[in-house]
Amino acid sequence: MKKAFVVKSDRCVGCHACEMACKNEYQLEATIRWRKVYQLPENEFGVPSRHFASLACNHCENPACLAACPAKAYTKREDGIVIHHTERCIGCKMCMMACPYKVPVFNEKIKKVEKCHMCADKQDRGEKPACVAGCPMEALEIVDLDDTNLANMRSFLPGFPDIAITKPTTRFITPNLGIQVRGNNNG
Amino acid sequence: MDKKYAITRRSFLRNSAITVASIGLSGSIYEFLFSGLAPVTAAKISDVKKFLNACPRNCYDTCSIVSTVADGILTKVEGSTLSSYTRGKLCAKGYSYTRSIYSPDRIKYPMKQKVRGSGNWERISWDEAYTEIAQKILQIKKEYGSTLPICLNKYSGNFDIMHYGIEGMLTSIGNTTRATGTPCWPAGIDAQTFDFGTTYCNDPEDIVNAKYLIIWGANPAWCSVHSMYFVKEAQKRGCKLIVIDPILTQTASQADLYIQIKPSTDGALALGMARYILDNELYDGEWLAKNSKGAEEFFSYLQKNITVEWAAQKTGIPRGVIESMAREYATTKPANIWIGYGMQRHTNGGQNVRAIDALAAITGNIGKSGGGAQYAQLQTWGFAYYAMMQKKPENSGGKSDRLININNFGAEVLNANEPPIKMMWIACRNPISQDPETAVVNKAFEAMDLVVTADMYMNSTVEMSDIVLPVTTTFETPGVNVSYWHYWLSLNEQAITPMYECKNDVTIAMELSAKLNELEQGSCTFPVSGDLEEWVGKEFNDAIYKQFGIQDWTELKKGPIKAKTGLIAWQDGKFKTPSGKYELWSDEAKKFGHFPLPVYTEELQPNDEFPLRCISAHWKLGINSQFQNLDWMAAINNEPCLEMHPIVANKFGIKDKEPVKMYNDIGYIVLPAKITETVSPDIVVVYEAWYKGKKINVNYTVKAIPADMGKKATGSPGMAFHDNFVAIKKV
Amino acid sequence: MLQNHKYKMLKEMETRYYIYSLFKIYYQGDWQAIDKALQAVNDHQDDNGQSAEPLINGLLKKISKINLVMDENSIYEYNKLFVGPGKLLASPFESSYRNQLGLVMQDETVAVRNFYKKIGVEVKGKNGVPDDHLALELEFICYLLAQAAKQIDKEQSASPNEYLLLYKLFFVQHIKPWVYEHCNDVLLHGVNPFCHGMAEIFKEFLEGEEGQNAM
Amino acid sequence: MGEWPVVLFTVLSQMAAGAFVTLWVLDQRTKKIGTEMGSFASLGIALITAISLAVSTSHLGQPMEAYRALSHIGTSWLSGEILLFGMFFALTVIYWYQWHCGMERKFIGAIGASVALLAVMSSGMIYVLPARPAWNNLGPMFFFLLTAAALGPLLISVLFKIKNVQLGKNLYIFASVVLVVGLTNFLLYLSTIISMGDIGTVTGKNIIMNGVFWPRLLAGWLVPLGIIAYTALQKEWNISRLVVALFILTFIGELLGRSMFYETVTALTVFGF
């Protein structure tokens, strides 16, 4: 089993509800964002557009955080979820340096690192992660990579760090681009 | 306040012979007395409860909320899964509620300011507040022979039905001056009122049935994200999505076809399309014959005055595109148009909406599932308005309420005469921040004898008040909410105890009434007692029960309910116009000084001095001055910016992120530039929002220019917010 | 011997109690009672004007150095600092300082609530006002001191009892981490002699307490 | 210097490691170092190692739980580093004890010197991270080894100087070689990352634009090399003030260089953020 987030950039309208649903669920400190909505570069897809990718932890197959952590504060579950165990964390920030996706963040208040755990507890109870459940556009989904047709999905979008480093499990659906008619309205 | 206690060094050090055994209420170490604390009464297990709430913001989506309360503390909010519109999801703003109610900076107690604007506040009891306000009301009445010098400015900070009790409270003291109108949507409402008899839209969940959808000057991805799901669903089912907007919004980025139009020329596009439809006989003659009035006149107007070529020139959209869009729109059935509020905030906004309505009418898309000209609906608002409907006391002076334009509030207050306005009551509003021409509004406040503001937070209006009253949030008080867009009815339960001394506006009205009657029997008709939940119950009537298929309002405690009837607007073909038909020719419009047909009114043009149009559109992390000031929002974005096309930036020698001064003859703001090809080259864009600790407000530059329509349905014309011409320069 | 020791201990505790009461009343905004509360502290001196308690002596010395005069501006400033309606310049809530972004009714408030609950105390009109308002925390300390005194008196013992230990614990967990910062905010924003002076005295008193009790 | 605990830890520990190797080599090669001298120097090394380890914990969010850093020897270079420096510290103490008692110390010296080298190398490996392209090479390890090589012998010569023992010409020759190699390595590294494009280039530019770039060049390399050149011209190999100056300048240079190392590195961006 290989649980993974699917980020449907063809559906995402960049409303930030996912990241706020996450904050609301875990009452996170204001500056800490386990999930972040990234605006993709405006001209990435040929014509100007406002498209987005919502990222949290990519629950990598080779998590760099886990390898770098000297305190064994990270574990990878059988279903692929990478868990950070706060009680073992010593706040050395090695994982923050090692992660190519800037996922682990340092909580200045508790002097430890924290990150997305794909709502493992909720999933164990058969519920969807807060972000997935909270997305009004249904632009986020959890799939099992071992058991999903990945034909329409990609492992990366332009601007996403080299996936060879840690083999992130996150999959993307690329934005659709419509036709744009811009008249001769040059002021 | 008088010098009540002067503890001098000497008096303090005086070696008193008296032994003080106990200190006031706190007792002595041997005889401890509780004051703020108390022994735990029963071993209560800290419990987790869920409550139904409703988002009361001025928003299309009016979400049904489920809140989690642990040991009396609100810990989580979620969307209700029982509403097929909310679908278990909230927006970014809704998810932030746990933060906003627990800010230490909430207004906690009634307070009185010594000198307006001085910042010198003293805490007063509710009784003192009521006494002072009541005495002022009675004194005004005595001096001027009526309560007309008292002016209410209340709008949409909280759209809960019971909050109309604020209007009720003012009614219950006599004839008063009312700031009427709405800043938001009047031109469009009037347009639809002339055309259909009122504004009435299909259930937005019906969007999925459209085969062709034009979103015209609306940005649901930001302002109605739950609707955006249905838009996407429609696309999935094969609907073609067209978005017409000067800004390539996030909604537009989802479109199959995006059309960048010159601002304020929407009517020209609609009329151009209509001419093509007419010329190619793509209109629904049968529908028109049966359901409309004035089709002939309208067609003749088109033939005489409109050409597609002209429309292309006006709008900046190539002729071929207009023609193909007109053909597709007229031949793909059903076709739906969502008319946004943004596109009617112009001096020709009402006419433009009428032109678009006409498109839907001539193609026979009215009254159909998947079709329609969607603007808003007022169908589910048929409450009893028990709190609002109060009798005026006898012999309280004046003939009737005096209405002034909310969209030009400052100037109209200053101009009011015989009697002048001497007292203001402000609720659910922040006029000093959100009204145009900030400086004039300030002057109006300065001219008052007494300004009372009921609010949750300090803002620029509270700063200019004499008395501020702390009010409850939606989680602290019962209520009931509906949307002006979807068809759900949600009860709002009291989920937590009101914090500090905050009170519901209706409670304030009851208690003020008691005080007025105590000082002068019969001076106020507002009920002086009643349980707030019972008040909620009294807002319902049989019509609402019937519409929603319930026997009693308490059934809503199980969850939100959707209207059972009327989900497709005008399905029965019975229009509420004087003729009972869809009126392409409207005599009613004529009465209000408009041309009876949907015609093109020339849009305002920029001039040499102020060459750019500033569009102050809504912002995704806030509603007007609400939400963007919260920490969670600031963590996502805390930097307002001025969006401009690279052509504009080049012309003015501005680089990305450089500070730019945007100004006109009434004011200026300085913002960092954001260079983007998502806006058209004839505009600049500032999203209207209030950032905590930042003195940046686009309204410093917005003049109170009225839109063409609004007077009939809302009392005052709307505001042409987007006809704001400015100049920019590098700072 | 025991009696003497006990007397001294109780006397000391009483002193603390009066001082805490003074600040409790101050933070309650009970202007009617402040005069009396100050008087009570004052009366705790010996006849010669010298208190046996070093605490009181220090405090009196401090008070004699500053000009503790209350006028109408004291109240305006007091409200700007602690009450509103604007953004509080020196919030009286523990969570404002300890919650990363200063919100009330969060985990930090619940921790205080749970502490009260362990001792069998809760806030009147629960959830109406955050449990960690300084006035409530100070009242809780007064309560602990009163309970401690009661026990010492009853048990004929002069050894520190559980209530004194709880007092220390509460001080370490819920006063020390933020009240100094709070007082500094008052000193930073406060210009009125009364508010300023009270903050100075309070801070010095707490420092004394902390030092004396090795907290 | 936001990262000052790591800056101090790495520079001090590397200096101690270099000094240990120097002392061991001198001891083995010359056999002329007196017990008192050796005992004094080895004590200095042990103390500096102890200080560096103590300082390193203050880099942690949870200094009291630093022991858990040893949990992941398998894959975490940080665990390896802590283990090796822990061992190194123990060895410095034993080494000192052996000097102090005049015991045979060849074996412990050899082990200590190897552990010292491995420890410094493991420190370097910590930063070889694909997420930080400018570090994802042998650069960090070379830097750290060169720090050890530059500061170790200079520290020893300063410690010896306190006891009025001069190391003379050989020290200067060695120091000049290390400094030249260090400077060359730095310049090569800089040009390499700048030509990497993307994030590497950004890091390179950060380094050049950094406020301590020139002070680091001057204090760490140019002025010390000047002093050595002056000494060589004078052919005066025993001016003790110059040795101290050389040490202090190089030490400051390394501290500045290390803080720049941490400050300037740039992570991979995610969608340009």
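Line by line, the protein sequences give chains A, B, C and D.
Residue numbering for the first sequence follows this note's numbering, starting at 1 and increasing by one per position.
Residue numbering for the second sequence follows this note's numbering, starting at 1 and increasing by one per position.
Residue numbering for the third sequence follows this note's numbering, starting at 1 and increasing by one per position.
Residue numbering for the fourth sequence follows this note's numbering, starting at 1 and increasing by one per position.
Glycine included, every Cβ here is placed at the ideal spot set by N, Cα and C.
Option nearest residue i by Cα separation, candidates the options
i, options, result
"Asn-185/D", "Asn-206/D, Val-93/D, Phe-144/D and Leu-155/D", "Phe-144/D"
"Asn-339/B", "Ala-191/B, Arg-402/B and Thr-307/B", "Per the sequence presented here, residue 339/B reads as Ile, with Asn not at that position. Among Ala-191/B, Arg-402/B and Thr-307/B, the Cα nearest to that of Ile-339/B belongs to Ala-191/B."
"Gly-139/D", "Ile-108/D, Gly-204/D, Val-158/D and Trp-96/D", "Gly-204/D"
"Val-11/D", "Ile-248/D, Gly-34/D and Tyr-95/D", "Ile-248/D"
"Ala-119/D", "Arg-216/D, Ala-17/D, Ala-150/D and Val-202/D", "Ala-17/D"
"Thr-49/D", "Thr-35/D, Asp-27/D, Ile-82/D and Arg-68/D", "Ile-82/D"
"Asn-624/B", "Pro-436/B, Ala-179/B, Thr-176/B and Gly-36/B", "Pro-436/B"
"Leu-403/B", "Leu-642/B, Pro-56/B, Glu-167/B and Glu-143/B", "Glu-167/B"
"Pro-343/B", "Gly-718/B, Ala-727/B and Val-731/B", "With the sequence shown as reference, residue 343/B is identified as Met, and Pro is not the correct amino acid for it. Checked all of Gly-718/B, Ala-727/B and Val-731/B; the closest Cα to Met-343/B is Gly-718/B."
"Met-94/A", "Ser-79/D, Tyr-95/D and Phe-20/D", "Ser-79/D"
Unbroken beta strand (DSSP E) run spanning residue i, endpoints
i, result
"Gln-39/A", "36-39"
"Gln-180/A", "179-182"
"Asn-724/B", "724-730"
"Thr-75/B", "73-79"
"Met-212/C", "Note that residue 212/C is Gln in the sequence shown here, rather than Met. Counting along the chain, Gln-212/C falls outside any beta strand (DSSP E), though it belongs to the alpha helix (DSSP H) covering 193-212."
"Pro-659/B", "659-663"
"Met-111/B", "111-113"
"Val-123/C", "121-123"
Cutoff 8 Å; reference residue i; Cβ partners in own chain excluding five residues on either side
i, result
"Asn-185/A", "Caution is warranted here: a pLDDT of 47 is assigned to Asn-185/A, below 50, making its placement in the model unreliable, and the coordinate value is therefore given only provisionally. Here the set comprises nothing."
"Met-260/D", "Ile-207, Asn-210, Val-212, Phe-213 and Arg-216"
"Tyr-18/C", "Ala-37, Ala-40, Val-41 and His-44"
"Gly-183/A", "none"
6 Å CB neighbourhood of residue i in its chain, flanking five on each side removed
i, result
"Ala-67/A", "none"
"Asp-203/B", "Tyr-487 and Leu-567"
"Pro-168/A", "Asn-58 and Cys-60"
"Asp-71/C", "none"
"Tyr-700/B", "Thr-438, Gly-667 and Ile-669"
"Leu-144/C", "Tyr-163, Leu-166 and Tyr-167"
Same chain only: Cβ atoms within 7 Å of residue i, ignoring 5 sequence neighbours per side
i, result
"Ala-66/D", "Thr-57 and Leu-60"
"Phe-172/A", "Val-7, Ser-9, Ala-53, Met-153, Arg-154, Phe-156 and Leu-157"
"Ser-22/B", "Because the pLDDT at Ser-22/B is just 38, under 50, the model does not fix this residue reliably, and the value given afterwards should be weighed accordingly. Excluding sequence neighbours, Ser-22/B sits near Ser-28 and Glu-31."
"Tyr-5/B", "Since pLDDT at Tyr-5/B reaches only 37, below the 50 mark, its modelled position is unreliable, and the value read off the structure follows with that caveat. None."
Host alpha helix (DSSP H) of residue i (start-end)
i, result
"Asp-27/D", "4-30"
"Ser-79/D", "77-100"
"Tyr-212/B", "First-last for Tyr-212/B: 212-216, but that is the beta strand (DSSP E), not the alpha helix (DSSP H)."
"Lys-150/C", "134-155"
One or two residues paired with residue i in a DSSP bridge
i, result
"Met-424/B", "Cys-151/B and Val-451/B"
"Phe-177/B", "In the sequence under discussion, the amino acid at residue 177/B is Thr, which differs from the Phe named in the question. The partner list for Thr-177/B (beta bridge, DSSP) reads Cys-151/B and Arg-402/B."
> Between the region 91-114 of chain B and chain A, which residues of the former have CB atoms less than 9 Å from a CB of the latter, in chain order?
Replying inline: Cys-91, Ala-92, Lys-93, Gly-94, Tyr-95, Ser-96, Tyr-97, Thr-98 and Arg-99
> Going along the region 74-92 of chain A in order, which residues come within less than 8 Å of chain D, judged by CB to CB distance?
Replying inline: Arg-88, Cys-89, Ile-90, Gly-91 and Cys-92
>> Taking beta-carbon pairs under 7 Å, can you tell me which members of the region 37-51 of chain A lie near chain B?
In response: Glu-42, Pro-48, Ser-49, Arg-50 and His-51
> Using a Cβ cut-off of 9 Å, which residues of the region 71-101 of chain C contact any Cβ in chain A, in chain order?
Replying inline: Arg-98, Asn-99, Gln-100 and Leu-101
> For the region 14-27 of chain A, which residues have a CB atom closer than 8 Å to at least one CB atom of chain B, in sequence order?
Replying inline: Gly-14, Cys-15, His-16, Ala-17, Glu-19, Met-20, Ala-21, Lys-23, Asn-24, Glu-25 and Gln-27
>> Output needed in chain order: residues of the region 242-257 of chain B with a Cβ under 8 Å from some Cβ in chain C.
In response: The region 242-257 of chain B vs chain C, Cβ under 8 Å: nothing.
>> Tell me which residues of the region 121-145 of chain A have at least one Cβ-Cβ distance to chain B shorter than 8 Å, keeping chain order.
In response: Ala-133, Gly-134, Cys-135, Pro-136, Met-137 and Glu-138
> Looking at chain A, which residues of the region 497-520 of chain B have a Cβ within less than 7 Å of any of its Cβ atoms?
Replying inline: none
> Which of the residues in the region 454-471 of chain B, read from start to end, lie with their CB under 7 Å from any CB of chain C?
Replying inline: Met-458, Val-462 and Val-468
>> Can you pull out the residues from the region 160-172 of chain A whose beta carbon lies closer than 9 Å to at least one beta carbon of chain D?
In response: Phe-160, Pro-161, Asp-162, Ala-164, Ile-165 and Thr-166
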